[in-house]
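S.K.: Residues in the sequence shown are numbered from 12 upward in steps of one, following our numbering.
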Amino acid sequence: MSDAESTLLREFSDNALAQVLFGPHNANLERIERQLGVALNARGNSVSISGPADSTGDARQVLDGLYDLARRQGHLETADIDAAVRMARHAQPSAEDVVLRTRKRHIAPRTPVQGDYIAAMARHDLVFGLGPAGTGKTYLAVAKAVTLMAAGEVDRIILSRPAVEAGERLGFLPGDLKDKVDPYLRPLYDALHDMLPGDQVIKKLTAGEIEVAPLAFMRGRTLSNSFIILDEAQNTTTVQMKMFLTRMGEHSRMVVTGDLSQIDLPAGQRSGLKDALDIVADMEGVSVVRFSDRDVVRHDLVTRIVRAYDRADRARKDGNGEGAGQ
Numbered sequence: 012m013s014d015a016e017s018t019l020l021r022e023f024s025d026n027a028l029a030q031v032l033f034g035p036h037n038a039n040l041e042r043i044e045r046q047l048g049v050a051l052n053a054r055g056n057s058v059s060i061s062g063p064a065d066s067t068g069d070a071r072q073v074l075d076g077l078y079d080l081a082r083r084q085g086h087l088e089t090a091d092i093d094a095a096v097r098m099a100r101h102a103q104p105s106a107e108d109v110v111l112r113t114r115k116r117h118i119a120p121r122t123p124v125q126g127d128y129i130a131a132m133a134r135h136d137l138v139f140g141l142g143p144a145g146t147g148k149t150y151l152a153v154a155k156a157v158t159l160m161a162a163g164e165v166d167r168i169i170l171s172r173p174a175v176e177a178g179e180r181l182g183f184l185p186g187d188l189k190d191k192v193d194p195y196l197r198p199l200y201d202a203l204h205d206m207l208p209g210d211q212v213i214k215k216l217t218a219g220e221i222e223v224a225p226l227a228f229m230r231g232r233t234l235s236n237s238f239i240i241l242d243e244a245q246n247t248t249t250v251q252m253k254m255f256l257t258r259m260g261e262h263s264r265m266v267v268t269g270d271l272s273q274i275d276l277p278a279g280q281r282s283g284l285k286d287a288l289d290i291v292a293d294m295e296g297v298s299v300v301r302f303s304d305r306d307v308v309r310h311d312l313v314t315r316i317v318r319a320y321d322r323a324d325r326a327r328k329d330g331n332g333e334g335a336g337q
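1) Which residue wins for smallest C-alpha separation from Gln-211, given the options Ile-169, Pro-120, Gly-76 and Ala-161?
2) Out of Phe-139, Lys-215 and Ala-130, state which residue places its alpha-carbon closest to the alpha-carbon of Phe-242.
3) Starting from Ala-133, follow the alpha helix (DSSP H) in both directions and report where the run begins and ends.
4) Could you tell me if Lys-148 is buried or exposed, where buried requires 16 or more neighbouring beta carbons within 10 angstroms of its beta carbon?
5) Within 8 Å, do at least three Cβ pairs link the stretch 165-174 to the stretch 221-233?
6) Locate the beta strand (DSSP E) running through Met-98, then write down its first and last residues.
7) With DSSP as the reference, please indicate the residues paired to Glu-164 in a beta bridge.
8) What span of residues does the beta strand (DSSP E) with Val-58 cover, start to end?
9) Pull the bridge partners of Pro-198 from the DSSP assignment, please.
10) What's the gap between the Cα of Glu-22 and the Cα of Arg-71?
11) Among residues of its own chain, excluding the 5 on either side of Ile-129, which ones have a beta-carbon nearer than 8 Å to its beta-carbon?
12) Have a look at Asn-26 and Thr-158 and give me their C-alpha separation to the nearest angstrom.
13) Beta carbon of Met-282, beta carbon of Thr-146: below 9 Å?
Right, here's the structure in full:
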């Protein structure tokens with residue numbers, strides 16, 4: 012073995028948790044081996060780690076972090092393994108430093124940029140989260156809001172989206188107003204139900220502590236002591252975005268999420284999100300966090316789909332000389 016290589020031994024005190032860590036037939040260890048280029052040999056409740064010195068250090072950090080995660084949640088998923096490896100490779104601080112604790116689950120960042128995003132929401136009153144689907148922009152914002160409400164730091168959570176397709180066509184949809192707009196807001200309800208027991212979601216919605224509403228419902232209001240999230244913000248007009256940003260009252264925070272590659276506004280209409288970034292991004296108290304396809308934490312196939320569409324979009328633009336236009 013050369014000087015550039017090393018061997019470490021890690022022993023875990025709880026045999027049952029060690030087996031959760033190792034996975035069925037050591038499947039978790041094999042996944043870590045493939046990603047970090049190390050050899051992991053389990054015996055009893057201990058693991059020897061062999062390979063390049065930098066990689067063995069990363070593997071030790073991954074194993075320690077996953078062991079703690081197994082203790083907290085009682086199981087491990089392949090996404091947990093992949094997240095721990097990504098965090099170790101980028102020399103991020105312990106995920107425990109930025110864990111969001113809600114009634115139903117503890118949520119740790121699964122990529123370094125997710126860690127930066129959670130940290131930004133802790134430090135800034137207005138945060139823009141930009142990037143493709145599946146990167147956790149909205150999900151983590153909802154988790155942060157629920158965490159702050161549980162801690163008594165905000166009194167209300169306001170979740171909003173622009174219902175682009177509703178517009179003038181809203182009247183043609185069946186049902187009352189709630190029936191008409193709920194389909195556009197369903198992703199926000201889904202996130203809430205991941206964070207809180209169902210009865211608590213209903214109770215807080217009924218009491219007005221949590222409000223899920225189309226962007227148009229924000230007009231004329233001043234929202235104090237609130238955590239306010241605007242999702243799909245690329246589909247706001249410039250007037251709507253100015254209206255939303257000026258709703259912030261005392262002791263409130265805002266998170267604006269969107270994907271500038273997925274603008275559904277009529278051709279030639281400038282996105283309010285793009286406009287806001289040009290105007291307020293450099294202001295004190297504002298943070299902009301940019302996700303990429305490397306931060307997609309859904310199924311592996313989603314990452315490949317996002318990249319394929321990005322390549323196709325670039326090829327079309329290069330072929331006809333057109334820019335984004337919005």
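All residues carry an ideal CB built from backbone N, CA and C; glycine is no exception.
M.R.: In terms of the structure at hand:
1) Sequence index remark: in the sequence shown, residue 211 carries index 200 (1-based). The shortest C-alpha separation from Gln-211 is found at Ala-161.
2) As a position in the sequence shown, residue 242 is number 231, starting the count at 1. The sequence given here has Asp at residue 242, not Phe. If we check each option's Cα against that of Asp-242, Phe-139 comes out closest.
3) Working through the sequence shown from its first residue, we reach residue 133 at position 122. Element bounds for Ala-133: 123-134.
4) Here the question's residue 148 lines up with position 137 in the sequence shown. Residue burial is scored here from C-beta neighbours: Lys-148 has at least 16 other C-beta atoms within 10 angstroms and is therefore classed as buried.
5) Result yes; three or more Cβ-Cβ pairs closer than 8 Å.
6) As a first step, residue 98 must be located in the sequence shown, where it is residue number 87. Not the beta strand (DSSP E): Met-98 falls in the alpha helix (DSSP H), residues 89-100.
7) Translated into the one-based positions of the sequence shown, residue 164 becomes position 153. The secondary-structure analysis by DSSP pairs Glu-164 with nothing; it has no beta-bridge partner.
8) Here residue 58 refers to the residue found at position 47 when the sequence shown is read from its first residue. 57-63 is the extent of the beta strand (DSSP E) around Val-58.
9) The residue given as residue 198 occupies position 187 in the sequence shown. DSSP output for Pro-198 lists no bridge partner at all.
10) Within the sequence shown, the letter at position 11 stands for residue 22. Within the sequence shown, the letter at position 60 stands for residue 71. Their Cα atoms are separated by approximately 11 Å.
11) Residue 129 sits at position 118 when you count from the first residue of the sequence shown. So the list reads Val-109, Leu-111, Pro-120, Leu-151 and Lys-155, once near-sequence residues are dropped.
12) As a first step, residue 26 must be located in the sequence shown, where it is residue number 15. As a first step, residue 158 must be located in the sequence shown, where it is residue number 147. Linking Asn-26 to Thr-158 through their CA atoms gives a straight-line distance of about 33 Å.
13) The sequence position of residue 282 within the sequence shown is 271, counting from 1. The sequence position of residue 146 within the sequence shown is 135, counting from 1. A small fix is needed here, since residue 282 is Ser in this sequence, not Met. For Ser-282 and Thr-146, no; Cβs fall outside 9 Å.
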